[in-house]
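Here the structure is laid out as structure tokens; the discussion comes afterwards.
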Amino acid sequence: MSVLDVAKQLNRDYKNDKLIIKADVVPTYERLSTGAFGFDYPLFGGLVLGRICTFAGLYHSGKTTAACVAMAAFQRKFPNKTCIYVDMEHSLDIKFQAKMTGLDPTRMLYFNPTTLTGEQVLDAILTFQKEEDIGMIILDSIPALLPAQALENDMEKDPGMRGTIAKPLHRFLIAMSSLVNERNNIFIMINQVRVEGKTFTGAPIYGEPGGQGPQYYSSIKVRFGTRTFIKGDKVDASDGEGASGFRLKFSITKNKCGSISRGGGFMSFSYDKGLMWMEDLLEIAYKFEFIKRLTSVTYQFVNLETGEIYKTEDGEELTGKRKDLEEYLYTHPKFQNEFMGMLNRYISASDDSYGEILDERDRVEIKSQEDSVDANMSKAIVREDK
């Protein structure tokens, strides 16, 4: 028998005609555009279907809201799939998230495991994941997964629970990785970043619960920094009093399906209108000249794929001041969809020469947190082994 014959036999034995295929027909990544251009741009077009993702960061950094943005996008793309939100923290404000992100509560299940152990919750997720119509699953959050050993003992007893959820979580992710790829959905784990001590210089040492499994099996990891607030034209106010909205900032610290060369991005939200997708799109388009600058005050809509200048219904070139072009984009849905489609195709290319969204200050802040976690890995390994 030849190698090819063995491959065909294995496909027959395991009843899977795609188990082993010719490498030249391996499919490319299919990405889920979230509609938030500040999120899609650093991810080269969006989250990748069939993959596990981790959203990590300090408390109040916007992890849950960002995950709901992704789930709302999944609902729009796959209306016949059923998404599941696993609320281990029992704190999801579904009305707020629906308003901010466009999430549709009528087309999702809310899993509120008030009496289940961490192991039972993980088993339930695997059961859901095996179904044909499964949509996106969000687990919020890893630190809230309490092992049976902890729940079955009295409060005054110390069962040595440190790291005990890490081993079942690791086994769970091994199985989940294959199932997510098979069902072509997305599994998002939300993890907390916690201060576990300080260096000799007084800088905080950060750690992430759950052992090494989430680090290894996540294809994409998004690290959230401190959220800021929107006050008029100012989008980086630290005080939320009197703010009209807020902005989430993040860095892409792992991406097995693309480069991390674009650093990170942001998502802005208005308390009145929700996700400010149009404002964010235009901010990025102007910054990286996806909208061509002609003079200091004049701009032009250009198809970046063909080089052609977009024209109005009357055949006139779409050229003018910022406010004129923005008004046209707002009031012409057909052109809006065409322009956004072009942008998403353009940024999904492998070209990584467009620069980064985050400025140096933001990158240093988020990178310092990530470095602290890496420096603390040896502690996590010790805890998992206990």
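Residue numbers (numbering that gives the first Met the number 0): 0 to 385. A virtual CB, placed ideally from N, CA and C, is assigned to each residue, including glycine. Every value quoted in this text rests on a predicted model; they were computed, and no experiment measured them.
Burial state of residue i (16 or more Cβ within 10 Å)
i	result
I187	buried
V194	exposed
E315	exposed
I20	exposed
V2	exposed
D139	buried
G354	exposed
V85	buried
A379	Caution is warranted here: a pLDDT of 47 is assigned to A379, below 50, making its placement in the model unreliable, and no coordinate value can be reported.
Nearest-angstrom Cα separation, counted from residue j out to residue i
i	j	result
A55	D313	49 Å
E325	G306	20 Å
G206	V192	6 Å
T116	F127	17 Å
I185	N302	31 Å
D103	D92	13 Å
I137	I189	8 Å
Three-way DSSP call (helix, strand, coil) for residue i in this model
i	result
P142	helix
V234	strand
N111	coil
Y298	strand
P203	strand
V221	strand
F43	coil
The beta strand (DSSP E) enclosing residue i, as first and last residue numbers
i	result
A55	R50 to G56
Q119	Counting along the chain, Q119 falls outside any beta strand (DSSP E), though it belongs to the alpha helix (DSSP H) covering G117 to Q128.
CB contact flag (residue i, residue j, <9 Å)
i	j	result
V234	S267	yes
Y309	F287	no
S217	I51	yes
G264	P41	yes
F38	L342	no
M87	C67	no
T33	A72	yes
L31	V47	yes
Y13	G257	no
Chain B contact for residue i (CB, 9 Å cutoff)
i	result
K286	The structure shown contains no chain B, having only a single protein chain.
Terminal residues of the alpha helix (DSSP H) in which residue i lies
i	result
Q8	V2 to D12
T64	K62 to K76
D279	W276 to K286
V179	A165 to R182
Heavy atom of the ligand GDP within 8 Å of residue i beta-carbon
i	result
S217	Absence of the ligand GDP is noted for the structure shown, with no ligands found whatsoever.
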